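First to last, the sequence lines map onto chains D and R. No gaps in the numbering here: position 124 of the first sequence is 124 in our numbering, and each next residue is one more. No gaps in the numbering here: position 43 of the second sequence is 43 in our numbering, and each next residue is one more. The C-beta atom is built at its ideal place from N, Cα and C for all residues, glycine as well. Every value quoted in this text rests on a predicted model; they were computed, and no experiment measured them. Data first, discussion second: the structure below is written as structure tokens.
Number of protein chains: 2
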Amino acid sequence: MTTPDESLARIGARLREELFDFLRIPSVSARSEHREDVRRAADWVGRHLRATGFETEVVDTPGHPVVLGEWKKAGPGAPTLLIYGHYDVQPAEPLDLWTSPPFEPEIRDGRLYARGATDDKGQLYLHLKALELLMGSEGRLPVNVVVVAEGEEEIGSPSLLPFLRDYRDRLDCDAVIISDSQMFAPGVPSLLSSLRGLAYVEIHVQGARSDLHSGAYGGAVPNAATVLARLLASLHDADGRVAIPGFYDRVAHWDAEARAAIGGLPFDEEGFREETGAPGLQGEAGYGTLERLWIRPTCEVNGLLSGYTGEGAKTVLPARAMAKVSFRLVPDQDPDEIPALLRRHLQAVAPPQVRVEVRELHHGRPWRGAPEGPVFEAARRALTRSFGREPVLTGEGGSIPIVSDFEKVLGAPVLLLGFGLPGSNLHAPDEWFPDAHLEKGIETLLYLYEELEG
Amino acid sequence: MTTPDESLARIGARLREELFDFLRIPSVSARSEHREDVRRAADWVGRHLRATGFETEVVDTPGHPVVLGEWKKAGPGAPTLLIYGHYDVQPAEPLDLWTSPPFEPEIRDGRLYARGATDDKGQLYLHLKALELLMGSEGRLPVNVVVVAEGEEEIGSPSLLPFLRDYRDRLDCDAVIISDSQMFAPGVPSLLSSLRGLAYVEIHVQGARSDLHSGAYGGAVPNAATVLARLLASLHDADGRVAIPGFYDRVAHWDAEARAAIGGLPFDEEGFREETGAPGLQGEAGYGTLERLWIRPTCEVNGLLSGYTGEGAKTVLPARAMAKVSFRLVPDQDPDEIPALLRRHLQAVAPPQVRVEVRELHHGRPWRGAPEGPVFEAARRALTRSFGREPVLTGEGGSIPIVSDFEKVLGAPVLLLGFGLPGSNLHAPDEWFPDAHLEKGIETLLYLYEELEG
Numbered sequence: 001m002t003t004p005d006e007s008l009a010r011i012g013a014r015l016r017e018e019l020f021d022f023l024r025i026p027s028v029s030a031r032s033e034h035r036e037d038v039r040r041a042a043d044w045v046g047r048h049l050r051a052t053g054f055e056t057e058v059v060d061t062p063g064h065p066v067v068l069g070e071w072k073k074a075g076p077g078a079p080t081l082l083i084y085g086h087y088d089v090q091p092a093e094p095l096d097l098w099t100s101p102p103f104e105p106e107i108r109d110g111r112l113y114a115r116g117a118t119d120d121k122g123q124l125y126l127h128l129k130a131l132e133l134l135m136g137s138e139g140r141l142p143v144n145v146v147v148v149a150e151g152e153e154e155i156g157s158p159s160l161l162p163f164l165r166d167y168r169d170r171l172d173c174d175a176v177i178i179s180d181s182q183m184f185a186p187g188v189p190s191l192l193s194s195l196r197g198l199a200y201v202e203i204h205v206q207g208a209r210s211d212l213h214s215g216a217y218g219g220a221v222p223n224a225a226t227v228l229a230r231l232l233a234s235l236h237d238a239d240g241r242v243a244i245p246g247f248y249d250r251v252a253h254w255d256a257e258a259r260a261a262i263g264g265l266p267f268d269e270e271g272f273r274e275e276t277g278a279p280g281l282q283g284e285a286g287y288g289t290l291e292r293l294w295i296r297p298t299c300e301v302n303g304l305l306s307g308y309t310g311e312g313a314k315t316v317l318p319a320r321a322m323a324k325v326s327f328r329l330v331p332d333q334d335p336d337e338i339p340a341l342l343r344r345h346l347q348a349v350a351p352p353q354v355r356v357e358v359r360e361l362h363h364g365r366p367w368r369g370a371p372e373g374p375v376f377e378a379a380r381r382a383l384t385r386s387f388g389r390e391p392v393l394t395g396e397g398g399s400i401p402i403v404s405d406f407e408k409v410l411g412a413p414v415l416l417l418g419f420g421l422p423g424s425n426l427h428a429p430d431e432w433f434p435d436a437h438l439e440k441g442i443e444t445l446l447y448l449y450e451e452l453e454g
Numbered sequence: 001m002t003t004p005d006e007s008l009a010r011i012g013a014r015l016r017e018e019l020f021d022f023l024r025i026p027s028v029s030a031r032s033e034h035r036e037d038v039r040r041a042a043d044w045v046g047r048h049l050r051a052t053g054f055e056t057e058v059v060d061t062p063g064h065p066v067v068l069g070e071w072k073k074a075g076p077g078a079p080t081l082l083i084y085g086h087y088d089v090q091p092a093e094p095l096d097l098w099t100s101p102p103f104e105p106e107i108r109d110g111r112l113y114a115r116g117a118t119d120d121k122g123q124l125y126l127h128l129k130a131l132e133l134l135m136g137s138e139g140r141l142p143v144n145v146v147v148v149a150e151g152e153e154e155i156g157s158p159s160l161l162p163f164l165r166d167y168r169d170r171l172d173c174d175a176v177i178i179s180d181s182q183m184f185a186p187g188v189p190s191l192l193s194s195l196r197g198l199a200y201v202e203i204h205v206q207g208a209r210s211d212l213h214s215g216a217y218g219g220a221v222p223n224a225a226t227v228l229a230r231l232l233a234s235l236h237d238a239d240g241r242v243a244i245p246g247f248y249d250r251v252a253h254w255d256a257e258a259r260a261a262i263g264g265l266p267f268d269e270e271g272f273r274e275e276t277g278a279p280g281l282q283g284e285a286g287y288g289t290l291e292r293l294w295i296r297p298t299c300e301v302n303g304l305l306s307g308y309t310g311e312g313a314k315t316v317l318p319a320r321a322m323a324k325v326s327f328r329l330v331p332d333q334d335p336d337e338i339p340a341l342l343r344r345h346l347q348a349v350a351p352p353q354v355r356v357e358v359r360e361l362h363h364g365r366p367w368r369g370a371p372e373g374p375v376f377e378a379a380r381r382a383l384t385r386s387f388g389r390e391p392v393l394t395g396e397g398g399s400i401p402i403v404s405d406f407e408k409v410l411g412a413p414v415l416l417l418g419f420g421l422p423g424s425n426l427h428a429p430d431e432w433f434p435d436a437h438l439e440k441g442i443e444t445l446l447y448l449y450e451e452l453e454g
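Structure below.
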């Protein structure tokens with residue numbers, strides 16, 4: 001038998017061609033004009049699973065479909081893995097900041113550039129190909145496998161929990177594997193042990209009924225943009241802490257050992273800063289950069305819009321101002337509670353001359369997993385074989401809100417096994433996936449199935 | 001001889017038809033895509049003056065043209081009036097807030113709705129028609145008249161001062177008349193004695209090189225939108241005063257008599273609030289609403305843009321954030337000095353982890369005139385005849401930056417004689433001009449020429 005490495009090298013061109021096809025579909029779940037594209041991406045995944053020998057359904061939901069693939073012929077007593085991924089992607093704007101167009105994949109300097117290359121089409125594809133290769137060479141899998149691929153992850157997975165509940169019986173499994181995360185560093189394989197949660201809102205301020213002339217009315221009529229800026233400024237104190245009363249009440253504090261383990265990771269802070277291009281790093285006083293990213297909650301302004309933003313000078317007194325604001329949460333903060341705390345805070349600080357409204361967009365629970373069990377151990381060994389060193393345990397600042405849903409509904413541990421790299425521009429222009437990790441990722445998954453069988 | 005009133009009534013339909021033609025031209029000077037439209041509006045004015053018997057030139061500038069019309073046959077010793085107006089308009093966005101399209105004029109409930117109806121095409125038109133009617137009935141004018149109509153008023157008149165200097169000899173006059181302002185209230189004719197100046201800038205904040213994932217980077221990397229909000233919040237103190245050091249140093253204080261005159265005007269504060277639709281009025285502590293509008297300087301946010309502002313939730317950490325900010329200035333503040341004070345303030349309060357840049361867009365000097373002289377007296381009598389009551393002296397919160405340029409270059413007093421009404425949505429959706437003031441305005445100007453002759 002050839003090693004996975006050798007056989008993969010032979011099919012490298014086809015591997016990329018197929019992935020490019022997948023990435024070319026602009027499956028932007030947040031934009032209604034891409035509804036059909038999202039459906040096309042679902043069908044693409046469904047066709048692939050069907051061709052591999054999976055019983056496959058593209059399940060309609062009130063939003064975008066869930067693709068469900070099942071192969072349960074591993075025999076009595078064989079464990080079942082559930083593989084989750086998402087085939088939808090973030091909006092690609094601003095388009096003019098992409099070096100090559102977001103939906104025309106291109107490899108440059110060992111990086112595969114495309115919207116969704118890492119998050120998450122590229123990583124979902126690793127699983128689809130590993131299954132296909134195994135079925136192709138062995139005619140069977142060593143374990144039962146269920147694949148769940150959704151199309152609403154980037155808009156908060158509103159249909160996934162209902163799906164998990166409706167299909168509960170067919171989703172029974174011993175572990176859930178998700179590849180939607182990153183390695184700690186190039187050459188350093190990683191298993192994720194915590195994720196931050198999310199509460200995402202819009203804050204709307206309305207002053208006058210409609211925009212006014214800033215000369216004729218300025219100085220006497222409330223300016224929605226000015227008020228919004230002052231409200232946003234009230235969300236942090238001078239130490240970079242979130243200044244909303246009650247915000248930290250439920251925050252679980254990591255113990256000294258866990259913080260020491262984070263402190264011991266080979267983290268290049270200056271390299272991290274350089275990669276972002278920011279003149280300096282900035283955050284909550286009393287915590288290091290990795291702690292600020294993994295174990296501390298945040299409040300971020302994600303978007304601002306008010307008044308006149310086109311070319312030139314329009315002397316308008318804006319009637320309306322909008323901010324998109326999101327909070328990254330850590331255990332045991334409750335994403336349902338955060339918008340209420342925000343509302344109470346804004347009511348207390350907003351001037352009575354304007355109307356302030358908080359609209360909830362979506363949210364997800366923070367998560368901390370237990371790094372143990374047979375699937376965790378098999379993944380540890382597979383990563384060690386593939387990358388030549390033991391994986392490190394990391395946290396992740398981003399959210400995969402459905403992780404805790406899987407644990408809750410299916411009662412199975414979740415394993416987060418990511419092949420992306422830091423700085424791969426998730427949710428930003430020029431998103432990329434390390435080209436060599438196409439083979440490395442599939443190889444690791446093939447080892448994983450071997451380790452599970454062994 | 002019929003009164004102006006009667007003869008005007010006979011040509012009302014044609015008056016409106018012609019004005020509608022003028023208003024239909026989207027002469028938005030701030031937008032390069034409307035360059036040809038601005039030129040068409042200039043040609044429209046030029047044709048009109050030429051048909052009236054004026055020697056007319058459409059003078060090219062580095063920006064939009066200046067229309068110069070001259071009629072200097074009033075005979076030896078006759079005084080010369082210079083009439084200034086502008087044929088360019090503000091951008092019309094947001095278009096969806098207009099009841100009827102901005103460049104399709106429509107009369108509803110006694111109001112003539114269109115972008116430029118009051119500011120300033122409608123009022124410039126009053127002058128063009130008064131001159132045409134006089135020339136038509138008398139074959140001559142009682143005074144020499146020079147008309148200067150520019151197409152860059154809404155972008156700060158960058159070419160006007162050079163034009164005034166280049167054409168200085170042909171612009172010699174005894175008074176300048178500008179109709180680009182409003183009456184104090186319906187039925188209350190007004191002469192303007194002060195204008196605020198303007199300094200308009202953009203503030204740009206840059207943190208990271210490009211937008212980042214707010215989960216993967218949030219909490220450790222500076223957020224340009226958050227920083228911008230905090231910078232904007234630093235521009236005012238809790239009393240609504242501008243908190244930029246040095247900002248008030250040159251502010252001339254109105255004496256008790258002037259403040260008492262303002263206090264004595266029949267101002268309906270609750271009506272003013274209701275007209276704006278704001279839940280309350282708001283401004284600098286220690287001053288009344290009219291004082292806040294006329295004699296106190298301001299700082300207004302005119303526009304905000306950062307990160308993701310489309311539909312749905314994009315978890316982006318914005319690399320860039322932009323605010324348009326303008327200051328209304330009062331004598332003797334210096335618009336050239338204000339951006340420098342702002343820069344110094346922002347340098348002092350901005351965190352070192354971001355780059356902050358202030359770009360100057362345009363500016364204009366504040367102005368206070370002396371309410372006296374033969375043309376002022378003639379206008380006072382003309383308004384009294386036309387409206388049946390003496391005009392009041394008012395201030396204006398907006399800016400007509402070129403007023404002080406005219407005074408400086410031509411050495412002639414400027415008379416501000418406006419026929420708009422409060423609440424006419426200048427620079428906002430649904431701009432309107434009181435339909436009846438088409439006749440009232442032309443009538444007043446015909447009386448003015450009579451009074452100047454008499």
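Pairwise C-alpha distance: residue j and residue i
| i | j | result |
| --- | --- | --- |
| D/R16 | R/A208 | 31 Å |
| D/A379 | D/D119 | 21 Å |
| D/A9 | D/L426 | 27 Å |
| D/W71 | D/R385 | 26 Å |
| R/L212 | R/P318 | 7 Å |
| R/M1 | R/H127 | In this prediction, R/M1 has a pLDDT of 44, which is less than 50 and means its spatial position is unreliable; what the coordinates show is noted afterwards. Computed Cα separation, rounded: 21 Å. |
| R/G310 | D/L305 | 10 Å |
| R/E291 | R/L346 | 28 Å |
| R/A412 | R/F406 | 7 Å |
| R/R355 | R/V176 | 45 Å |
| D/V330 | D/Y447 | 33 Å |
| R/C173 | R/E33 | 36 Å |
| D/W98 | D/V145 | 37 Å |
| D/F248 | D/D255 | Inspection of the sequence shows that residue 248 of chain D is occupied by Tyr rather than by Phe. Near 16 Å, if we compare the C-alpha coordinates of D/D255 and D/Y248. |
Endpoints, the alpha helix (DSSP H) within which residue i is located
| i | result |
| --- | --- |
| D/T56 | Careful: D/T56 lies outside any alpha helix (DSSP H), inside the beta strand (DSSP E) at 55–59. |
| D/S404 | 402–410 |
| D/V375 | 374–387 |
N-terminal and C-terminal residue of the beta strand (DSSP E) that residue i is part of
| i | result |
| --- | --- |
| R/F163 | No beta strand (DSSP E) holds R/F163; the alpha helix (DSSP H) holding it covers 160–166. |
| D/G280 | Taken as a continuous stretch (DSSP letters only), D/G280 belongs to no beta strand (DSSP E), as it is neither H nor E. |
| D/M322 | 320–329 |
| R/L304 | 298–307 |
| R/Q123 | Careful: R/Q123 lies outside any beta strand (DSSP E), inside the alpha helix (DSSP H) at 121–138. |
Test: residue i CB closer than 8 Å to a CB of chain R
| i | result |
| --- | --- |
| D/G397 | yes |
| D/E106 | no |
| D/V356 | no |
Helix, strand or coil at residue i according to DSSP, with G and I counted as helix
| i | result |
| --- | --- |
| R/H457 | Outside the shown range of chain R, which is 1 to 454, sits residue 457 of chain R, and nothing can be said about it. |
| R/A175 | strand |
| R/W432 | strand |
| R/I244 | coil |
| R/G264 | coil |
Short CB-CB distance (under 8 Å) between residue i and chain D
| i | result |
| --- | --- |
| R/G88 | The sequence given here has Asp at residue 88 of chain R, not Gly. No - not a single Cβ of chain D is within 8 Å of the one on R/D88. |
| R/L293 | yes |
| R/R359 | no |
Exercise for the section: Check distances from the C-beta atoms of the segment 304–321 of chain D to those of chain R and list, in chain order, the residues that come in under 8 Å. Expected result: If the cut-off is 8 Å between Cβ atoms, the segment 304–321 of chain D has L304, L305, S306, G307, Y308, T309, G310, E311, G312, A313, K314, T315, V316, L317, P318, A319, A321 near chain R.
Practice task
Return the residues of the segment 117–146 of chain D that lie within a Cβ-Cβ distance of less than 9 Å from chain R, sorted by chain order.
Solution key: Per Cβ criterion, the list reads D119.
Practice task
Pull out every residue of the segment 361–384 of chain R whose Cβ sits closer than 8 Å to any Cβ of chain D, in chain order.
Solution key: L361, H362
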